[in-house]
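Chains A and B supply the protein sequences, listed in that same order.
Residue 498 in this note's numbering is what sits at position 387 of the first sequence, and the numbering runs on without skipping anything.
Residue 125 in this note's numbering is what sits at position 14 of the second sequence, and the numbering runs on without skipping anything.
Beta carbons: idealized from backbone N, C-alpha and C, even for Gly.
Number of protein chains: 2
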Amino acid sequence: MNTFDFTLPTKFYVGYGQLEKLKEIAGEYGKKAMICAAKDTMRQLGFLDRVKTLLEAAGVEVAVIDDVEPNPRDIDIDRQVEYFQSEGCDFTIGLGGGSALDTAKAIAFLAAQNGGSVRDYLAGGKKSDLADVKQPYPVICITTTAGTGSEATKWFVVTNTINHDKPGVGHDLLMPSVSIVDPELMMSLPAQITRSCGIDVLFHAMEAYIATCANPFTDALALEAIRLVMKYLGRAIENGKEDKEAREYMAWANTMGGIVIGEGNSGTVAIHALGHSIGGQTNAPHGLTMCPLAVPYIEKTWDADEEKYAALTRAFGYGDDSMSEHELAAMCPQAMKGVLQKFGCDITMRDLGVTEDMIEPMTDSVFKTMAGVLNNSLKKFDREDVIELYKKAM
Amino acid sequence: MNTFDFTLPTKFYVGYGQLEKLKEIAGEYGKKAMICAAKDTMRQLGFLDRVKTLLEAAGVEVAVIDDVEPNPRDIDIDRQVEYFQSEGCDFTIGLGGGSALDTAKAIAFLAAQNGGSVRDYLAGGKKSDLADVKQPYPVICITTTAGTGSEATKWFVVTNTINHDKPGVGHDLLMPSVSIVDPELMMSLPAQITRSCGIDVLFHAMEAYIATCANPFTDALALEAIRLVMKYLGRAIENGKEDKEAREYMAWANTMGGIVIGEGNSGTVAIHALGHSIGGQTNAPHGLTMCPLAVPYIEKTWDADEEKYAALTRAFGYGDDSMSEHELAAMCPQAMKGVLQKFGCDITMRDLGVTEDMIEPMTDSVFKTMAGVLNNSLKKFDREDVIELYKKAM
Chain A
112 MNTFDFTLPT KFYVGYGQLE KLKEIAGEYG KKAMICAAKD TMRQLGFLDR VKTLLEAAGV
172 EVAVIDDVEP NPRDIDIDRQ VEYFQSEGCD FTIGLGGGSA LDTAKAIAFL AAQNGGSVRD
232 YLAGGKKSDL ADVKQPYPVI CITTTAGTGS EATKWFVVTN TINHDKPGVG HDLLMPSVSI
292 VDPELMMSLP AQITRSCGID VLFHAMEAYI ATCANPFTDA LALEAIRLVM KYLGRAIENG
352 KEDKEAREYM AWANTMGGIV IGEGNSGTVA IHALGHSIGG QTNAPHGLTM CPLAVPYIEK
412 TWDADEEKYA ALTRAFGYGD DSMSEHELAA MCPQAMKGVL QKFGCDITMR DLGVTEDMIE
472 PMTDSVFKTM AGVLNNSLKK FDREDVIELY KKAM
Chain B
112 MNTFDFTLPT KFYVGYGQLE KLKEIAGEYG KKAMICAAKD TMRQLGFLDR VKTLLEAAGV
172 EVAVIDDVEP NPRDIDIDRQ VEYFQSEGCD FTIGLGGGSA LDTAKAIAFL AAQNGGSVRD
232 YLAGGKKSDL ADVKQPYPVI CITTTAGTGS EATKWFVVTN TINHDKPGVG HDLLMPSVSI
292 VDPELMMSLP AQITRSCGID VLFHAMEAYI ATCANPFTDA LALEAIRLVM KYLGRAIENG
352 KEDKEAREYM AWANTMGGIV IGEGNSGTVA IHALGHSIGG QTNAPHGLTM CPLAVPYIEK
412 TWDADEEKYA ALTRAFGYGD DSMSEHELAA MCPQAMKGVL QKFGCDITMR DLGVTEDMIE
472 PMTDSVFKTM AGVLNNSLKK FDREDVIELY KKAM
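Structural data, given as structure tokens:
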């Protein structure tokens, strides 16, 4: 069994009304905050004004970046860091989905490193070993989606505009200081985004459950997160503007899934490793990029740990107590297919805009940027295995 | 649903071989450590020497207290703090079960507070509001039992030798800096202690699951801890010197149960509140003091949340899928009784040395020292309810 080294430095506030805590705590992190807000929506929904008002009530000055787009790019981060420094900010606040949170983390990180481009720290860059990095500025994550888990992890993901890689940068010092997961901020999320974020929660939990780095702590949280997604994601997609309970449980599932791949120190597997490279090539919503890969991945790996895949099948709502563990595990690809259909996520890579000629560069990118994640898989994936998986997912 | 405010500052090392980590990390906490070791056993088992050797390898000087007895007393803590100060120590290391860990926490706390007795900070004492307490010295917990959860909580429990109360002192600053949960240190634990500690793990998890302050994060970990205890505690009691797997899973159950009542911010209920006062009067092993109370408590409360009590019944291995939630919940007292019998813990308060005349002072003590815990119960407990529960448990 894996040993377990973890600390969870992030202070979490989960539940309705928790956004208000900002007023009490923001002052601890400095005198001036830079809000990194998802483009358009945060302003339109009034969230940007609410956060500004809470910060001002806390005696904190505010600078704002409100043009964060999906899949943040290296050139944007570099530009935003200049603004952070020229404004003399003390900490960042990510407000939005994973892109806003990752932007807040990336700015807080790069601004503390004495110059250079964030590209230097991406896979293949000259400082990508992250040796001797300095303590980043504090980060407060306010997530408005149930997805990504960025508020619970030491990772940010940035697209390299030169080579289209979409690598994750991870360092213990990148854990957010505070994360606020208030389902009220998720009530107005459109069905499509609820779907693509919610399915990402499912992948975080299920991949971490069948990863080589899983442990009993992460297993308990991962299985519960899967059960919550199975029970509440459909409701959140269909009636997310009304169904407060579904939003609340999805907020919890997101938090647990994030902790599992964050400070719980389990991680995702080949599904995420290959999915990231789809995102780098196509700009498809992150959550959807894993969907085409899930069934072929499970077809390849289900016999590597039958106890766990059997439990997954059951958590997906398939099988019954009369079946043997072996039978349940063998049923897992079919169960996964059913889950994707249930949530309207049974798609191919072609649906996401991938063409055959992208498979080679995507495969290169997997080994360059996501080799660590790939190696969390219960079976070994060499280059041919990755290409085969991509082809099956087309 | 409860909102959820938590941070887990403790760095955990769980698993075989993790004691060795001490060599790498101890130097971060200062130049001189005071080891607070459980009396006799830690020396006899060679654990004290191993820890000293690891500290010396880390360049850390060592002072030793190795006379920590079960249920630490105020007068002992006061004496040990003098020794800590005269030796110029920088941090404490608890080595043993809950009493050693609590002693390490209490010393690190009191030594930082400018004089006075630890009794000042116990319930009813002149500083028991814990206002303006100073940052305690760092604490490293090395637990040699699977029980108590002290390595994951902000609590220490000290017996007041004047009035026989056994209150817990809790403060956010009392979280250990590091906790090492290495099952190898538990292999030689005698069956009786394995039993009384292991049943405490069960109570932490099950009480926190049915507490008013439960949340989905703690529910997931609590249920998993219960399942692990049901599966492995019997094996650890019967064959604990050989069964490495059982010891390992009990170490995990202990860690999860501790997190649930620690930084997960759920808590125990009337069972622990009343159990503590038994411990204050009789010096009975802490884990056993809850056993007589469990069935009467569940008889009184099972209809307060049938969904949860039904899940408890199932986690205890009782009932089947054909039963309704109501039927399963109503079965919970019987299931609890069966669990206690299974682990040789089906005892009365009289078995622990309680006499009728102790019930009044024990009841006084519950309201004085454990009112907060009592109020975590799903039903209200007034004085008559507490007396009635004690009488049923005689």
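Local Cβ density within 10 Å of residue i, reported as buried at 16 or more and exposed below that
| i | result |
| --- | --- |
| Asn225/A | exposed |
| Thr466/A | exposed |
| Pro407/B | buried |
| Ala242/A | exposed |
| Thr264/B | buried |
| Ile273/A | exposed |
| Gly390/B | buried |
| Met401/A | buried |
| Thr480/B | buried |
| Pro396/A | buried |
Residue span of the beta strand (DSSP E) that contains residue i, given as start and end
| i | result |
| --- | --- |
| Ser290/B | Val289 to Val292 |
| Ile146/B | Lys143 to Ala149 |
| Ile253/A | Val250 to Thr254 |
| Val268/B | Trp266 to Val268 |
Close-in-space but distant-in-sequence residues of the same chain around residue i (CB under 6 Å, 5 per side omitted)
| i | result |
| --- | --- |
| Val380/B | Glu318, Ala322, Asn487 and Ser488 |
| Lys122/B | Val289 |
| Tyr420/A | Trp413, Ala440 and Cys443 |
| Asp240/A | none |
| Lys163/A | Val173 |
| Tyr124/B | Lys132 and Ile291 |
CB-CB length for residue i against residue j, believed under 8 Å
| i | j | result |
| --- | --- | --- |
| Tyr360/B | Tyr343/B | 4 Å |
| Ala331/A | Ala257/A | Not really, about 20 Å apart at Cβ, beyond 8 Å. |
| Leu500/B | Leu404/B | 6 Å |
| Lys277/A | Gly345/A | With a Cβ gap of about 29 Å, Lys277/A and Gly345/A do not count as contacting. |
| Arg338/A | Ala426/A | 6 Å |
| Met473/A | Gln392/A | 6 Å |
| Val269/B | Val312/B | That pair is no contact at about 22 Å. |
| Thr255/B | Leu300/B | 7 Å |
| Ser505/B | Arg461/B | Reading off the sequence shown, one finds Met at residue 505/B, where the question assumed Ser. The Cβ separation is near 6 Å, so the contact holds. |
Alpha helix (DSSP H) segment containing residue i, residue limits
| i | result |
| --- | --- |
| Trp363/A | Lys355 to Ile372 |
| Lys216/B | Gly209 to Leu221 |
| Ile458/B | Element bounds for Ile458/B: n/a, residue is neither H nor E. |
| Asp178/A | Taken as a continuous stretch (DSSP letters only), Asp178/A belongs to no alpha helix (DSSP H), being part of the beta strand (DSSP E) at Glu172 to Val179. |
| Val280/B | Element bounds for Val280/B: not the alpha helix (DSSP H) but the beta strand (DSSP E), Gly279 to Gly281. |
| Lys479/B | Ile470 to Thr480 |
| Thr164/B | Phe158 to Ala168 |
| Leu451/B | Cys443 to Lys453 |
| Gly345/A | Pro327 to Asn350 |
| Arg190/B | Asp185 to Ser197 |
| Tyr320/B | Ala302 to Tyr320 |
| Gln155/B | Thr152 to Gln155 |
| Thr412/A | Cys402 to Thr412 |
| Leu500/B | Arg494 to Lys503 |
| Leu423/A | Glu417 to Ala426 |
| Gly388/B | The displayed chain sequence assigns Ser, not Gly, to residue 388/B. Ser388/B -> alpha helix (DSSP H) spans Ala381 to Thr393. |
| Glu135/B | Lys132 to Ile136 |
Contacting residues, own chain, Cβ-Cβ under 7 Å from residue i (five flanking each side not counted)
| i | result |
| --- | --- |
| Tyr248/B | Asp201, Phe202, Thr203, Ala219, Ala222 and Ala223 |
| Gly236/B | Arg230 |
| Ala211/A | Cys147, Ala148, Ala149, Val179 and Gly205 |
Neighbourhood of residue i by C-beta, 8 Å cutoff - its chain only, sequence neighbours within 5 removed
| i | result |
| --- | --- |
| Leu463/B | Ile389, Thr393, Ala395, Leu399, Thr400 and Pro403 |
| Gly161/A | Strictly speaking, residue 161/A in this sequence is Arg, with Gly absent from that position. Here the set comprises Leu130. |
| Val510/A | Nothing about residue 510/A can be read from this structure; chain A reaches only from 112 to 505. |
| Tyr506/A | A question about residue 506/A goes unanswered here, because the residues of chain A that appear run from 112 up to 505. |
| Lys411/B | Lys490, Asp496 and Leu500 |
Anything in the region 309–332 of chain B with a Cβ closer than 8 Å to a Cβ of chain A? List those residues in chain order, please.
-> Asn326, Pro327, Phe328, Asp330, Ala331 and Leu332
For the region 351–371 of chain B, enumerate the residues whose C-beta is nearer than 9 Å to any C-beta of chain A, in chain order.
-> Glu356, Glu359, Tyr360, Trp363, Ala364, Thr366, Met367 and Ile370
Contact residues within the region 119–152 of chain A, judged by C-beta distance below 8 Å to chain B = Leu119, Pro120, Thr121, Lys122, Phe123, Tyr124, Val125, Gly126, Tyr127, Gly128, Gln129 and Lys132
Closer than 8 Å, Cβ to Cβ, to anything on chain A: give me those residues from the region 424–443 of chain B, in chain order.
-> Asp432
Using a Cβ-Cβ cut-off of less than 9 Å, give me the residues of the region 253–281 of chain B that come near chain A, in sequence order.
-> none
Contacting positions in the region 481–502 of chain B - beta carbon closer than 8 Å to chain A | none
Between the region 148–181 of chain A and chain B, which residues of the former have a C-beta closer than 9 Å to a C-beta of the latter?
-> none
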